[in-house]
Amino acid sequence: MTTAKPTFEEQLNQLEQIVNHLEQGDVPLEEALDQFQAGMKLSKHLQDTLENAEKTLTHVVDDQGNEKLFEKGNSDEE
């Protein structure tokens with residue numbers, strides 16, 4: 494049986510749950526440290542995912558199939 498990888502949104506929701514749990518303040522120290530480490534790992538993974546998405550979205554392919562950097566304001570309608 495293959496476990497499906499959680500989506501970005503599911504991972505973000507998990508991070509929000511960790512933060513909310515820690516903000517309550519009634520978490521034993523060891524559990525708080527474990528939750529903090531898990532949250533930091535999730536945060537790093539989510540940040541990497543966003544950076545990769547940004548890199549993908551800032552490149553366009555022209556009519557000849559050449560990849561070009563997308564430049565803000567570079568429009569044919571000007």
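The opening position of the sequence shown corresponds to residue 494 in my numbering, with each subsequent residue numbered one higher.
Idealized CB from N, CA, C, for every residue including glycine.
Straight-line gap, residue i to residue j (C-alpha atoms, nearest Å)
i	j	result
leucine 562	glutamine 510	37 Å
leucine 515	aspartate 555	48 Å
glutamine 497	glutamine 530	The residue you asked about is not glutamine; residue 497 is alanine in the sequence shown. Cα to Cα, the separation comes out at about 23 Å.
glycine 435	glutamate 524	With the chain running from 494 to 571 in the structure shown, residue 435 is simply not present.
glycine 532	threonine 549	26 Å
glutamate 570	leucine 535	Bear in mind that a pLDDT of 46 at glutamate 570, under 50, signals an unreliable position, so the number given afterwards is only what the model happens to contain. Each residue's alpha carbon lies about 41 Å from the other.
leucine 558	leucine 522	Strictly speaking, residue 558 in this sequence is glycine, with leucine absent from that position. The alpha-carbon atoms of glycine 558 and leucine 522 are separated by roughly 55 Å.
valine 520	leucine 526	9 Å
DSSP beta-bridge partners of residue i
i	result
glutamate 437	Summary: the structure shown does not reach residue 437, with the chain confined to residues 494 through 571, and so no result is reported for it.
Residue of the options minimising C-alpha distance to residue i
i	options	result
asparagine 513	Thr551, Leu550, Glu560, Gln528	Gln528
glutamate 547	Gly558, Lys534, Gly532, Glu564	Glu564
Contact check, residue i vs residue j, beta carbons under 8 Å
i	j	result
leucine 560	histidine 552	First, the amino acid is wrong: residue 560 is glutamate here, not leucine. It is a contact, given that the beta carbons lie within the stated cut-off.
On the three-pair Cβ rule with 8 Å, is the stretch 504-512 touching the stretch 533-540? yes
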